[in-house]
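Per my numbering, the sequence shown runs over residues 312 to 576. See structure below.
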Amino acid sequence: MKLNKGQLFKNRHLHSLGVYHTMVLTGKLLFIIIIPAIVLFMQARLALADDTWQLDDSAELSDVEEMELGKKVDEYIRHQFYLHNDPELSKELNDITHRLSAVSERKMLPFTCNIIQSHSINAFSAPGGHIYVTEGLLKFAETEDEVAGIIGHEVAHASLRHASKLYREFIGILSQRDKGTDFAETLLLFNCHLEEFEQEADTTGVLFAHKAGFNPNGLPDFLERHLDLLIQNGVLGLLRFGSFTTISSRIGHLREYISSLTLKE
Numbered sequence: 312m313k314l315n316k317g318q319l320f321k322n323r324h325l326h327s328l329g330v331y332h333t334m335v336l337t338g339k340l341l342f343i344i345i346i347p348a349i350v351l352f353m354q355a356r357l358a359l360a361d362d363t364w365q366l367d368d369s370a371e372l373s374d375v376e377e378m379e380l381g382k383k384v385d386e387y388i389r390h391q392f393y394l395h396n397d398p399e400l401s402k403e404l405n406d407i408t409h410r411l412s413a414v415s416e417r418k419m420l421p422f423t424c425n426i427i428q429s430h431s432i433n434a435f436s437a438p439g440g441h442i443y444v445t446e447g448l449l450k451f452a453e454t455e456d457e458v459a460g461i462i463g464h465e466v467a468h469a470s471l472r473h474a475s476k477l478y479r480e481f482i483g484i485l486s487q488r489d490k491g492t493d494f495a496e497t498l499l500l501f502n503c504h505l506e507e508f509e510q511e512a513d514t515t516g517v518l519f520a521h522k523a524g525f526n527p528n529g530l531p532d533f534l535e536r537h538l539d540l541l542i543q544n545g546v547l548g549l550l551r552f553g554s555f556t557t558i559s560s561r562i563g564h565l566r567e568y569i570s571s572l573t574l575k576e
């Protein structure tokens with residue numbers, strides 16, 4: 312599959328979509344670009360502050376437990392957002408996903424990629440191999456390599472067991488609610504860990520894209536164009552996990568890492 316300036320995606324049902332950079336659905340601001348869906352799910356549960364849903368222990372999730380949690384998160388996502396139904400497009404996205412997951416350390420997970428009906432430019436993942444991209448992202452993507460770079464980043468989240476680590480982080484946050492410790496400080500530390508996970512998923516996802524036969528520059532190319540768009544529209548201040556410096560640093564780090572990959576060949 313070859314894309315020329317987003318030809319595959321733009322010539323389908325997405326041709327009439329505009330491109331926006333924040334997604335407000337059900338009164339919530341969805342994170343901009345590539346934060347695991349488990350954060351959305353568990354933030355919602357945390358906000359309930361009741362006994363209707365409990366986390367059992369702080370041990371790392373087994374593969375089976377992670378897939379079970381992933382099903383719950385997927386149900387939550389499907390309840391919150393409408394999915395785009397295009398079997399042919401979904402097949403092509405899942406073909407990309409399977410090429411990337413085949414070179415990951417957790418190829419045994421049942422990876423899937425679904426499309427969310429939204430004008431926003433966004434992608435995120437849930438435990439157990441569930442990946443979601445928005446219509447706006449597919450419209451904005453100019454090449455198959457850019458799409459592969461984004462999906463590779465999400466496959467990397469699963470491969471690095473970030474969902475399991477976030478699960479344990481949230482257990483810690485919940486435990487602080489009933490103690491005298493600084494809850495805000497705990498949340499700040501959690502956000503720092505999220506940024507670390509994003510950086511790890513950047514380089515690992517680029518490596519997966521490279522191994523799977525895609526151009527590894529797809530992700531930094533996409534991020535660079537997206538950053539330019541955010542600057543033009545003056546919405547950088549809305550980014551929960553982004554600023555000009557942070558995103559520019561990610562892009563620069565990715566370029567250096569890709570150079571090291573090509574030098575090894």
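Even for Gly, the Cβ is constructed at its ideal location relative to N, Cα and C.
Spatially closest choice to residue i from the options, by CA coordinates
i: Tyr387; options: Glu455, Gly545, Ser436; result: Ser436
i: Phe533; options: Phe392, Asn396, Asn544, Phe451; result: Phe451
i: Thr454; options: Asp374, Phe525, Met378, Leu572; result: Phe525
i: Ala523; options: Leu411, Asp385, Asp456, Leu394; result: Leu411
i: Ser431; options: Val414, His537, Glu509; result: His537
i: Thr557; options: Glu509, Ile426, Leu394; result: Glu509
i: Gly439; options: Asp385, Phe392, Tyr393; result: Asp385
i: Asp456; options: Phe392, Lys383, His395, Pro531; result: Pro531
i: Val414; options: Tyr478, Thr515, Leu404; result: Thr515
i: Tyr393; options: Val444, Met378, Val375; result: Val444
i: Asp374; options: Asn405, Ser571, Lys418; result: Lys418
i: Phe422; options: Gln391, Leu572, Thr573, Lys382; result: Lys382
Status (buried if at least 16 other CB within 10 Å, exposed otherwise) for residue i
i: Cys424; result: buried
i: Asp539; result: exposed
i: Lys402; result: exposed
i: Asp361; result: In this prediction, Asp361 has a pLDDT of 46, which is less than 50 and means its spatial position is unreliable; nothing more can be read from the coordinates.
i: Ser559; result: exposed
i: Leu541; result: buried
i: Ile343; result: Since pLDDT at Ile343 reaches only 34, below the 50 mark, its modelled position is unreliable, and the value read off the structure follows with that caveat. It counts as buried.
i: Glu480; result: buried
i: Arg389; result: exposed
i: Asn528; result: buried
i: Met334; result: Confidence at Met334 is low in this model, with a pLDDT of 31, below 50, so its placement is unreliable and the value that follows should be read with caution. Buried is the call here.
i: Ala467; result: buried
i: Cys372; result: Rather than Cys, the amino acid found at residue 372 in this sequence is Leu. Its Cβ being crowded by 16 or more others within 10 Å, Leu372 is buried.
i: Glu567; result: exposed
i: Glu377; result: buried
i: Asp513; result: buried
Cβ-Cβ distance between residue i and residue j below 8 Å
i: Ala416; j: Ile442; result: It is Glu, not Ala, that sits at residue 416 in the sequence shown. Against a cut-off of 8 Å, the Cβ pair of Ile442 and Glu416 comes out as no contact.
i: Ala520; j: Ala459; result: yes
i: Ala287; j: Leu420; result: The first residue shown for the chain is 312 and the last is 576, placing residue 287 beyond what the model contains.
i: Val517; j: Leu448; result: no
i: Glu399; j: Gln428; result: no
i: Thr262; j: Ile462; result: The structure shown does not extend to residue 262, since the chain is modelled only from 312 to 576, so the question has no answer here.
i: Ile562; j: Glu535; result: yes
i: Glu511; j: Leu477; result: no
Bounding residues of the beta strand (DSSP E) (the contiguous stretch that carries residue i)
i: Tyr443; result: 441-445
i: Ser436; result: 434-437
i: Thr423; result: 423-427
Run of the alpha helix (DSSP H) containing residue i, from where it starts to where it stops
i: Ser412; result: 398-412
i: Asn544; result: 529-544
i: Tyr393; result: Counting along the chain, Tyr393 falls outside any alpha helix (DSSP H), and DSSP gives it neither H nor E.
i: Gly463; result: 455-470
Residue i: CB within 7 Å of a non-hydrogen atom of the ligand SAH
i: Ser559; result: Absence of the ligand SAH is noted for the structure shown, with no ligands found whatsoever.
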